[in-house]
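Protein chains in written order, with the numbering used here: chain R, 25 to 219; chain V, 25 to 219; chain L, 25 to 219; chain X, 25 to 219. Backbone N, C-alpha and C define an ideal beta-carbon position, used for all residues, glycine too.
4 protein chains.
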Amino acid sequence: MLDWGVPFGEATVDRLMLVGPDGEVKDANGDPTGAVNTAGYNIHAPILAARPDAVSAAHTHTQFGTPWSANVEPFRALSQESCAFVFDQAMFDDEEVEVLSVDGGKRIAAALGDSKLCVLRNHGLLTVGRTVEAAVGWFVMAERVAEVHVKAPAGSPISDESAAIAASTLSPEAAGWRVFQWLQRNLVPDTSVVE
Amino acid sequence: MLDWGVPFGEATVDRLMLVGPDGEVKDANGDPTGAVNTAGYNIHAPILAARPDAVSAAHTHTQFGTPWSANVEPFRALSQESCAFVFDQAMFDDEEVEVLSVDGGKRIAAALGDSKLCVLRNHGLLTVGRTVEAAVGWFVMAERVAEVHVKAPAGSPISDESAAIAASTLSPEAAGWRVFQWLQRNLVPDTSVVE
Amino acid sequence: MLDWGVPFGEATVDRLMLVGPDGEVKDANGDPTGAVNTAGYNIHAPILAARPDAVSAAHTHTQFGTPWSANVEPFRALSQESCAFVFDQAMFDDEEVEVLSVDGGKRIAAALGDSKLCVLRNHGLLTVGRTVEAAVGWFVMAERVAEVHVKAPAGSPISDESAAIAASTLSPEAAGWRVFQWLQRNLVPDTSVVE
Amino acid sequence: MLDWGVPFGEATVDRLMLVGPDGEVKDANGDPTGAVNTAGYNIHAPILAARPDAVSAAHTHTQFGTPWSANVEPFRALSQESCAFVFDQAMFDDEEVEVLSVDGGKRIAAALGDSKLCVLRNHGLLTVGRTVEAAVGWFVMAERVAEVHVKAPAGSPISDESAAIAASTLSPEAAGWRVFQWLQRNLVPDTSVVE
Chain R
25 MLDWGVPFGE
35 ATVDRLMLVG
45 PDGEVKDANG
55 DPTGAVNTAG
65 YNIHAPILAA
75 RPDAVSAAHT
85 HTQFGTPWSA
95 NVEPFRALSQ
105 ESCAFVFDQA
115 MFDDEEVEVL
125 SVDGGKRIAA
135 ALGDSKLCVL
145 RNHGLLTVGR
155 TVEAAVGWFV
165 MAERVAEVHV
175 KAPAGSPISD
185 ESAAIAASTL
195 SPEAAGWRVF
205 QWLQRNLVPD
215 TSVVE
Chain V
25 MLDWGVPFGE
35 ATVDRLMLVG
45 PDGEVKDANG
55 DPTGAVNTAG
65 YNIHAPILAA
75 RPDAVSAAHT
85 HTQFGTPWSA
95 NVEPFRALSQ
105 ESCAFVFDQA
115 MFDDEEVEVL
125 SVDGGKRIAA
135 ALGDSKLCVL
145 RNHGLLTVGR
155 TVEAAVGWFV
165 MAERVAEVHV
175 KAPAGSPISD
185 ESAAIAASTL
195 SPEAAGWRVF
205 QWLQRNLVPD
215 TSVVE
Chain L
25 MLDWGVPFGE
35 ATVDRLMLVG
45 PDGEVKDANG
55 DPTGAVNTAG
65 YNIHAPILAA
75 RPDAVSAAHT
85 HTQFGTPWSA
95 NVEPFRALSQ
105 ESCAFVFDQA
115 MFDDEEVEVL
125 SVDGGKRIAA
135 ALGDSKLCVL
145 RNHGLLTVGR
155 TVEAAVGWFV
165 MAERVAEVHV
175 KAPAGSPISD
185 ESAAIAASTL
195 SPEAAGWRVF
205 QWLQRNLVPD
215 TSVVE
Chain X
25 MLDWGVPFGE
35 ATVDRLMLVG
45 PDGEVKDANG
55 DPTGAVNTAG
65 YNIHAPILAA
75 RPDAVSAAHT
85 HTQFGTPWSA
95 NVEPFRALSQ
105 ESCAFVFDQA
115 MFDDEEVEVL
125 SVDGGKRIAA
135 ALGDSKLCVL
145 RNHGLLTVGR
155 TVEAAVGWFV
165 MAERVAEVHV
175 KAPAGSPISD
185 ESAAIAASTL
195 SPEAAGWRVF
205 QWLQRNLVPD
215 TSVVE
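If you want it as structure tokens, here you go:
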């Protein structure tokens, strides 16, 4: 996880902290080597434990995902990108919006199940991936999907049959990984900072 | 078409690929020289084949055009710029949002007919022009029109009679070409990168 | 007026053209010296003729003013800044959204009357001032007022009595002039480009 | 307070003016040393007088706080950050939107009571803190909460019981102070300008 207090814009590989399964940030001698956001640990650790296929979970509070989550409704097939999620999403309809314990994270993991996306009620979006790239790629795509939902409150979704056809190419893990490649190419022209 | 994976911000003339009518990207010897977005080929090739007057089609997923398209409604004469489209638009009311084959593009071309704009349901906007400049100019103008529609859901359009008068100067091809000139002058101060 | 085709971002004093009362841009010998947007002339000339107190009118198509104008409703006292306009605004409820002749501008001038703001139906905002600074200052303030109206469609205005008290300090010409000073100080750190 | 007319972007410690309890900006000899926004004095002085625990109040007109205030409704527990305010907010349901006298500020102070946030009807947000950092941190957090409310007009809040649990960690003064630290680290990489 990112060293506590480091802004995303300054995040580089050497600012990442290795967190033990018990939430401790220590070196081989048991001495503290840094600190992490406890709520982050409470959310991520149980998810990664429950989902051996996932190596990464992404969550932050965003311009559209967080407002959308206040509606406590799943995504509908309102746009092409929505089809990546409509058959592979979960709702955490639980009022623990500040995840104060690992128990809260366990309940999120239970709600998430096998899905790639969980809408955390009144909180925001959470995605998982088999790679860091896919977790982040899905998160950004889900944010764009939330934007469509917020801006088209009376929109008409396509049918499940049609959404399933689109999902066949948009929903596989490789599609999320690809979104990340585009983001990286656009936003991090000099990738040496993260290598 | 743009070389597969090159971000719009890095698009220069030497990153464009010549795509054959069969979707192949090959040199004179039949050897592959690059790759393009297959869905892009599936959409653009049938449109250009069906519309000999058009040399370019523009389509991407945008902040207002994509949310608006989820309403499955044509533009109304809500703003001056809307008048460029209200008598020259089509709706692709088809649930193929991920265009997986040339057949999908043929159906888009059939829906488009002789119009300059096609609203692709739950997908986004698509415009065509007799020049690349007009196709792009119409696309950007249509995006601004979509913005007005999203932000004025209860707006009152002007009458068809009045919209037709405004369309007489706003709808001709030269008006779309002119929008592009303004965009270029604002966004690409050094046009040598695209010459 | 600005030389035809020069983007706002490149507007400097030496790019302004002196336009005669007949819309001609000529030197003392009657030779053309440039060109201006005809619709701009059609709108501005009759307003300046009808309002000898005004030396400038401001109008462009904006993110909130244009969508708001599609509602064909005057501003209400929804925010502090709204009070500068609620007793000093007019509605051009006319479907000529592309002002093709001086006659259209004369009708706008008639609708404007003695007000500082005219909402041009399905078109956008227009403000006048006794100085260029005030016309621009009012325009930008009106755009912020339109933003509040678009984002608070169910808002409750304050009473006319209370709005009148706020208007006593916010509505006088000097308040619009002052808005411009802040804009200039924020946006044009080096004012030598416009001096 | 900031010297009258200095934009926020140029605000540095040496541009701040010390304002006397009577609103005067004078040196030891009684000579004027600068000028401040009178409305600012009218609002801030009575609040600081009524709240000896508060050393700072923050108020400006914002993209979401001002539109939200036109609804004349308190925040609901629509998002995690909302929980910092739902038990610690007040409504100034008074139509004095341009605070022309210290009396107006006294009524705001009375409405504020012991809360950290006061929604000023048709005007905007106002927050107080025991430190400048907390006042500003709460203000920015309240603006984000207003954004969620504007974008999720039909949102469902969590229960008071659940909101109270989240408030136990999000509402204390230290949480507002911490928001400021993040803002400073993101926005002012070189803090020497404010030291």
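The beta carbon of residue 147/L falls within 8 Å of a beta carbon belonging to chain V, placing the residue at that interface.
Distances from the alpha-carbon of residue 105/R to those of 138/R, 215/R, 203/R put 203/R closest.
The straight-line gap separating the alpha-carbon atoms of residue 197/R and residue 178/R is approximately 30 Å.
Put simply, of 30/X, 173/X, 78/X the residue whose alpha carbon is nearest the alpha carbon of residue 137/X is 78/X. One Cα belongs to residue 119/X, the other to residue 54/L, and the distance between them is close to 58 Å. Judged by DSSP in its simplified three-state form, residue 83/L adopts strand.
Of the other Cβ atoms in all chains shown, fewer than 16 fall within 10 Å of the Cβ of residue 125/X; this residue is therefore exposed.
With its beta carbon at least 8 Å from every one in chain X, residue 153/R lies outside the interface. Under the 8 Å Cβ criterion, the region 93-109 of chain L does not count as touching the region 39-52 of chain L, having fewer than three qualifying pairs.
Relative to residue 27/L, the option among 60/L, 186/L, 190/L whose CA is nearest is 60/L. In this chain, the beta strand (DSSP E) harbouring residue 153/L covers 148-153.
Under the 8 Å Cβ criterion, the region 144-160 of chain L does not count as touching the region 188-196 of chain L, having fewer than three qualifying pairs. In the three-state scheme derived from DSSP, where H, G and I count as helix and E and B as strand, residue 126/L is classed as helix. The DSSP-derived three-state label of residue 56/V is strand. In the DSSP assignment, residue 115/L falls within the unbroken beta strand (DSSP E) covering 113-116.
Between residue 89/X and residue 166/X, the CB-CB gap stays under 8 Å. Annotation: residue 50/L to residue 31/L spans about 22 Å, alpha carbon to alpha carbon. Boundaries of the beta strand (DSSP E) around residue 143/X: 141-144. By the Cβ neighbour-count rule, residue 153/V is buried, with 16 or more other Cβ atoms within 10 Å of its own. In the DSSP annotation of this structure, the continuous segment of the alpha helix (DSSP H) that includes residue 202/L starts and ends at 197-211. In summary, residue 144/L is buried, with 16 or more beta-carbon neighbours lying within 10 Å of its beta-carbon over all protein chains present. At a cut-off of 8 Å between beta-carbon atoms, residue 33/R makes contact with chain X. At a cut-off of 8 Å, the C-beta of residue 70/L has no neighbouring C-beta in chain V. Residue 94/R and residue 183/X do not touch by the CB rule: their CB atoms are close to 14 Å apart, not below 8 Å. Distance check between residue 121/L and each of 208/L, 85/L, 70/L places 85/L closest, using alpha-carbon atoms only. Assignment of beta-bridge partners to residue 26/X by DSSP yields 40/X. Annotation: residue 86/X has no Cβ neighbours in chain R at a cutoff of 9 Å; minimum Cβ distance is about 15 Å. Among the bridge pairs identified by DSSP, residue 50/R is matched with 56/R. Residue 177/X carries a coil assignment under DSSP once its states are collapsed to helix, strand and coil. In this structure, residue 135/V and residue 114/V form a Cβ contact; the two beta carbons are roughly 5 Å apart against a cut-off of 8 Å. In the structure shown, residue 138/X adopts coil according to DSSP, grouped into three states. For the region 177-194 of chain L, residues whose beta-carbon sits nearer than 9 Å to a beta-carbon of chain X comprise 177, 178, 179, 180, 181, 182, 183, 185, 186, 187, 189, 190, 191, 192, 193, 194.
Not flagged as an interface residue toward chain L: residue 140/V, since no C-beta distance is shorter than 8 Å. For the options 164/V, 62/V, 211/V, 25/V, the alpha carbon positioned closest to that of residue 128/V is the one of 62/V. For residue 108/L, no alpha helix (DSSP H) run applies, since DSSP gives it neither H nor E.
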